[in-house]
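S.K.: Take this structure, written in structure tokens, and hold onto it; I'll ask about it next.
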Amino acid sequence: MTDDIDRANATAQFTNDLAIRQHLIDHALPPQWVIDGIVECLDCGIDIPSDRLGALPNCVRCIDCQFTHEIRKKQ
Ligand SMILES: [Zn+2]
Numbered sequence: 334m335t336d337d338i339d340r341a342n343a344t345a346q347f348t349n350d351l352a353i354r355q356h357l358i359d360h361a362l363p364p365q366w367v368i369d370g371i372v373e374c375l376d377c378g379i380d381i382p383s384d385r386l387g388a389l390p391n392c393v394r395c396i397d398c399q400f401t402h403e404i405r406k407k408q
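The end of the sequence shown is residue 408 by my numbering, with every number in the run present.
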């Protein structure tokens, strides 16, 4: 019984690790968006403020475009 639980936990951990790795690959910031340390919004191209990047280092959109993006995703 314990072996079954251990195997199930190991499988779940392996699956979680794969999902995390894929998420990191999918959400990596493409280097062309970073110019001299300035990150441009993926949608509108304005510079993403440094305080936003400090809070969300992997963000790719300004707050207005992110809001619009999330609204569209829900529809
Ligand atoms: Zn934007």
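Glycine is no exception: its CB is placed at the ideal position from the N, C-alpha and C atoms.
(1) What's the gap between the Cα of P390 and the Cα of M334?
(2) Which of the three DSSP states, helix, strand or coil, is assigned to I404?
(3) Any idea which residues DSSP pairs V393 with across the strands?
(4) Heavy atom of ligand 1 less than 7 Å from the Cβ of D376, yes or no?
(5) What are the start and end residues of the alpha helix (DSSP H) that includes D384?
M.R.: Let me spell this out:
(1) 44 Å
(2) helix
(3) None; V393 has no bridge partner.
(4) yes
(5) 383 to 388
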